[in-house]
Amino acid sequence: MSRSLPYRLECPEKCLQAQDEALNTTFFILRQTGPTAFVIKEDDERMFKVFLGDQHQCTCNAFQRDRE
1 MSRSLPYRLE
11 CPEKCLQAQD
21 EALNTTFFIL
31 RQTGPTAFVI
41 KEDDERMFKV
51 FLGDQHQCTC
61 NAFQRDRE
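Take the sequence shown: its letter number 17 is residue 17 in UniProt numbering, and every next letter is one higher.
Spelled out as structure tokens, the structure:
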């Protein structure tokens, strides 16, 4: 099985910043809709759908804008 996107040698700066921000944020898992799919909520009541896989997806504005 081949990947839809190749592996990267280095993580882009935008992705590193998003990871740092996520480490300092509290998320609540509201529902698991599949083995790698979740509905999560931030402290400020915003809810997002997250899909982890060969190509990650999220309904948050940052992912929709940057695709990282």
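Ideal Cβ placement from N, Cα and C applies to all residues, glycine included.
Note that this is a predicted model, so its numbers are computed, not measured.
Residue range of the unbroken alpha helix (DSSP H) whose run includes Q64: As a working mapping, residue 64 is identified with position 64 in the sequence shown. In the DSSP assignment, Q64 falls within the unbroken alpha helix (DSSP H) covering 61–66.
F38 beta carbon less than 8 angstroms from that of R46: The residue labelled residue 46 in the question sits at position 46 within the sequence shown. The residue labelled residue 38 in the question sits at position 38 within the sequence shown. Cβ atoms of R46 and F38: not closer than 8 angstroms.
F28 and K41 closer than 8 angstroms at C-beta: For the purposes of this step, residue 28 is identified with residue 28 of the sequence shown, where counting begins at 1. For the purposes of this step, residue 41 is identified with residue 41 of the sequence shown, where counting begins at 1. Yes, the pair counts as a contact, with Cβ atoms nearer than the cut-off.
Nonlocal neighbours in the same chain, by C-beta distance under 7 angstroms from A62, ignoring five residues either side: As a position in the sequence shown, residue 62 is number 62, starting the count at 1. The answer, listed in chain order, is A18.
Which of helix, strand or coil DSSP assigns to C15: Numbered from its first residue, the sequence shown carries residue 15 at position 15. In the structure shown, C15 sits in a helix (DSSP, three-state: H, G or I).
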